[in-house]
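Please read the structure below before turning to the comments.
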Amino acid sequence: MSPIVTLDDVHTDIALRNGTAHPVSGVSLTVGKGESLGIVGESGCGKTMTALSIIRLLPPGGRVISGSITLGDTDLATVDEAGMRKLRGNRIGMIFQDPMTSLNPCMTIGDQVSETVLLHRDVTRAQARERAAEVLDLVGLPRAKERLDSYPHLLSGGMRQRVVIAMALACEPELLIADEPTTALDATIQKQILELIDELRDRLGMAVILVTHDLGVIAGYTDRVAVMYAGKIVETSSTQELFANPRHPYTEALFRALPENVDADRRLYAIPGLPPDLSDPPLGCRFAARCAYATEQCRAQEPALTGNGHPFACFHPLTTKQQATPNPHTPLAVAEETAPLLVVRNLVRTFPVTSNGVLQRKIGTVSAVADVSFTVHTGETFGLVGESGCGKSTIGRLLVAADTPTSGSITFDGTEISGKSHRALRRHRRDFQLMFQDPYASLDPRMRVRAILREPLAIQHRGSAVEQENAVAKLLDEVGLAGAALDKYPHEFSGGQRQRIGLARALALRPKLIVADEPVSALDVSVQAQILNLMRDLQREHQLTYVFISHDLSVVRYLSTTIGVMYLGKLVEIGPAEQVYTSPAHPYTQGLIDTIPLADPEREQRKDNAGVRGELPSAMNPPSGCRFRTRCPLATEKCAAEEPPMRQFSDQAHQAACHYPLQQIH
Amino acid sequence: MTAIPADDAVLSDSPKTRGVFAGPLSAFAENKLAVVGLGIVVAFILFCYVGPLVYHTDQVHIDLSQATLPPSGTHPLGTNEVGYDQLGRLMAGGQSSLEVGVAAALLATVFGTLWGAIAGYAGGFIDSAMMRIVDALLAVPALFLLLFLASIARPTIGLLILVIAFISWLGPARLVRGQALTLRTRDYVTSVRLMGGGPLRAILRHIAPNAIGTVVVNATFQVADAILLVATLSFLGLGIPPPAANWGDMLSNGINYTYDGYWWLIYPPGLAIVLVVVAFNLIGDALRDSFEVRLQKR
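As they're listed, the protein sequences go chains V and C.
The first sequence begins at -16 in my numbering and counts up one residue at a time.
The second sequence begins at 2 in my numbering and counts up one residue at a time.
The following block contains the structure:
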């Protein structure tokens, strides 16, 4: 296999205001024709910078300082900027993470795709347009010819990402670089996009570099993997080999942090600390500070990347025996048969859609939550899962009375809370708190941590100034942050640390219920594990009840005792976590489980089921009958005519709403 | 593994505790242009208020025998068309220009900020009504308003401040309203509500401090604008009547003598206006940066 792209000992520097960062220090890799290489690692490990070094689109101040990059038989070091422009989009295609920002909202998609062709090929406008239609058809945009004149905002996220891929492929590049191409997309869409890239790679014989933090994506869609840590490749081998037999402790740690492989009663393995500052990398092995096996030698000497076929850079590589060490047990918070803490009955929330004119005429309603009922007991974790736009966050907001339901009731600890005024709810608010998805946006950037944590106590008049001060110090300790954090601003913390502060604030009033809205979806796996462990510890300590909202079924499965699956405003399945996960009754739940990329190449590449196809319909005109019928493989006319009622599937309150369930009705 | 993983290794170096303004102040001092701007403003304040105590001139009695003398030993910047010493007049004129500029800017900023914050936070009908008032006033040409006022009122410093503030509060009102609209949907403002806090806390503790950067910066630009407006007003005849002076007046009078070569009637007040305006703008720029805690180095 002739290599398409070869990197040999590449070093990249970025000049910062104070100092120089070395995000890529000595990376060597090759990708052959038709081959797919995955680069994986935590954020801030230089994955993206390695990719950008190839296409030479580094941020301001960034420069490849040594090493060689060869594309085909061209040494890219000899190519000037004008030459690079001829290569980009022509011989190298690039897909960025966010399809929202990588398309120009003022240009039709036809123009955007044909622009690439016009730049690199000697063709007429009409020919370029023809080519655009052809490529858009190739990436699976339905009715591509008619849609050439659509603007990006008319397309859904998944369709936009297809357009972005079409732009990258318009000139049939030899190398396609995909930088987290599906991170901003739902799992169901993610699967479709990754399959598309895979299929196009086969068809066009491109080399693909897939940059991702998701081991599941790596397992299913790459031939070889390079694990990066702190600007260096620490281990590289074929995907099968790496997953079966990881040698570097960092690779192993990444695997062990995944919630999908861990039984619900075991702790997740969290890698302590953070990747090092790349403007001043440590001596010796860069992972030593966080490594469980590190010795003096690791801190003094740098291990070289050696070995045939499966090179790794470690003095103390793992043996098969060590890899089998199970994670330590963690006692589950036992949900005793207690009185229900939270009872939700027939909850409905619709949002009016108004025209943009002065009169704001009502032109329709969005049915965000439609007739949802469930009960949460004290000490339990209720996991709510579904695609984005299914109404799970709206429920979260309703539960903490940040929003008022259109109809239905929410009873918390015996008291009706829906529809009460802010003043009447004031006292109750200390019993239920919300943990936000984006810890950065939920902490006032101008407040120090001390003031942030004291605010809830001050609002609810809890104790004197001294008592509050002590309470704050205790909170900080509980979430595992040092006292020095008190005088810092939120921006001085990493994402995981900020989420700890968010959790501390939610805990400040000692609530009974915490509604956590996607609390870990913005975090790296290793940090996600830290937060999930912490949430568990605190639950046990304080008898907390969680409502855990997430799009990630494997995280929900790990943390929850009960899972509710939502689709387009409806609760379609609810039941004990293991039952829902292992024997789902609703086709949608089954589809969701199938779309989770598993960090196991054999299982992942063997998976032949389609998962959930298509995209979420508009909640303005939800389908009649069963709302899932438009995407359901089992749908019949009955599904369109009749809305399926909730039916029991076991003695343990496992219910689902489907006419043709996958399990026996109890 | 029972202990909560130590995620705080990076926090172990304890930072020195500093005052609330230590950060912004040091950030400000690092910006050399801002220090230059501040220096210019201080120099002008000394020049206008301490200057006359040292350098005595008669700015009340006309002396036509001394009119339009070029700069010399007795009159370092010459005299003007009615015999006032130009340097002394620059000092006296500066007083009223700076006073009107700062006072009008302050008034406009405070009123505009309040108006905008209330409208933005309240939202809905109140917001629409309040902002339509602003739009309506913006639609009236300032020049028309000024000409109208000039024809009915005899200008005093107080009136001048009111008129300028009346024209310029609309800008900050719109600016702050926009800020408040986005700030009130932030998660941290929502979280105040979820803790049981009321709107007053949300506005005073979260919205106002987060909008302060914009407000302060805008205020410095307002000072510069107000000084220029005084000049415009003087040109239109709504300036402060003689014998009181201001830089705008001096400039517009001096322009009549452009072809006589009396450069000392034009350059000094012109330069003074330009310098003060630039200085306030430099300060505004630096304040914007220094109020952004995220840019601060530690």
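Ideal Cβ positions, reconstructed from N, Cα and C, are used throughout, including at glycine.
query, result
"Are the beta-carbon atoms of residue 234 (chain C) and residue 160 (chain C) separated by less than 8 Å?", "no"
"How close, in whole Å, do the beta carbons of residue 570 (chain V) and residue 641 (chain V) come, if the pair is a contact with beta carbons under 8 Å?", "7 Å"
"At 8 Å on the CB atoms, spell out the chain C contacts of residue 383 (chain V), in chain order.", "195"
"Which of the three DSSP states is assigned to residue 48 (chain V) in this structure?", "strand"
"With three or more C-beta pairs closer than 8 Å as the rule, is the stretch 518 to 532 of chain V touching the stretch 587 to 606 of chain V?", "no"
"Distance cutoff 8 Å, beta carbons only. Does residue 451 (chain V) sit that close to anything in chain C?", "no"
"Between the C-alpha atoms of residue 360 (chain V) and residue 178 (chain V), what's the straight-line distance to the nearest angstrom?", "41 Å"
"Residues bridged to residue 418 (chain V) by DSSP?", "V:499"
"Determine whether the Cβ of residue 122 (chain C) lies closer than 8 Å to any Cβ atom of chain V.", "no"
"Is there a C-beta anywhere in chain V that falls below 8 Å from the one on residue 198 (chain C)?", "yes"
"Where does residue 155 (chain C) land, buried or exposed, given buried means 16+ other C-beta within 10 angstroms?", "exposed"
"Name the chain C residues that come within less than 9 Å of residue 442 (chain V), Cβ to Cβ?", "193, 196, 197, 198, 199 and 202"
"For residue 631 (chain V), report the span of its alpha helix (DSSP H) as first-last.", "Counting along the chain, residue 631 (chain V) falls outside any alpha helix (DSSP H), though it belongs to the beta strand (DSSP E) covering 629 to 631."
"Mind listing, in chain order, the continuous beta strand (DSSP E) runs of no fewer than 3 residues lying wholly within the stretch 225 to 276 of chain C?", "none"
"Does chain C have any CB closer than 8 Å to the CB of residue 437 (chain V)?", "no"
"On the CB-based measure, 16 or more other CB atoms within 10 Å of its CB, does residue 261 (chain C) come out buried or exposed?", "exposed"
"Classify residue 259 (chain C) as buried or exposed, calling it buried when 16 or more other Cβ atoms lie within 10 Å of its own Cβ.", "exposed"
"Would you mind telling me which residues of chain C sit closer than 7 Å to residue 416 (chain V), beta carbon to beta carbon, in chain order?", "195"
"Label residue 448 (chain V) either buried or exposed according to how many other C-beta atoms from any shown protein chain fall within 10 Å of its C-beta, with 16 as the threshold for buried.", "exposed"
"Bridge partners for residue 160 (chain V) per DSSP, in chain order?", "V:77 and V:192"
"By the criterion of Cβ-Cβ separation under 9 Å, what are the contact partners of residue 490 (chain V) in chain C?", "What residue 490 (chain V) touches in chain C: nothing, since even the nearest Cβ is about 12 Å away."
"I'd like to know whether the C-beta of residue 13 (chain C) is nearer than 8 Å to at least one C-beta of chain V.", "Low confidence applies to residue 13 (chain C): its pLDDT is 36, below 50, so where it sits in the model is not reliable enough to give any reading."
"Whole angstroms are fine: how far does the CA of residue 325 (chain V) sit from the CA of residue 293 (chain V)?", "53 Å"
"Candidates V:332, V:19, V:367 and V:530: which alpha carbon is nearest residue 391 (chain V)'s?", "V:332"
"Does the distance from the CB of residue 536 (chain V) to the CB of residue 487 (chain V) come in under 8 Å?", "no"
"Please list the partners that residue 187 (chain C) has in chain V, where partner means a Cβ-to-Cβ separation under 7 Å.", "424"
"If contact is defined by three or more beta carbon pairs under 8 Å, each pair taking one atom from either stretch, is the stretch 191 to 203 of chain C in contact with the stretch 161 to 169 of chain C?", "no"
"Just confirm the distance between the C-beta atoms of residue 529 (chain V) and residue 365 (chain V), as a whole number of angstroms; I'd bet it's less than 8 Å.", "7 Å"
"Does any residue of chain V have a CB that is nearer than 8 Å to the CB of residue 207 (chain C)?", "yes"
"Identify which residue in V:-15, V:396, V:9 and V:-14 has its Cα closest to the Cα of residue -4 (chain V).", "V:9"
"With respect to the beta strand (DSSP E) encompassing residue 218 (chain V), which residues constitute its N-terminal and C-terminal limits?", "215 to 221"
"Do residue 538 (chain V) and residue 546 (chain V) come within 8 Å of each other at the CB atom, strictly closer than that value?", "no"
"Starting from the C-beta of residue 146 (chain V), find all residues in its chain whose C-beta is less than 6 Å away, skip the five residues before and the five after it, and write them out in chain order.", "92"
"Can you tell me which residues form a DSSP beta bridge with residue 345 (chain V)?", "V:337"
"If I follow the unbroken beta strand (DSSP E) through residue 233 (chain V), where does it start and stop?", "Premise fails: residue 233 (chain V) lies in the alpha helix (DSSP H), 232 to 240, not in any beta strand (DSSP E)."
"Counting only Cβ-Cβ distances shorter than 7 Å, please list the residues of the stretch 245 to 272 of chain C near chain V, keeping chain order.", "none"
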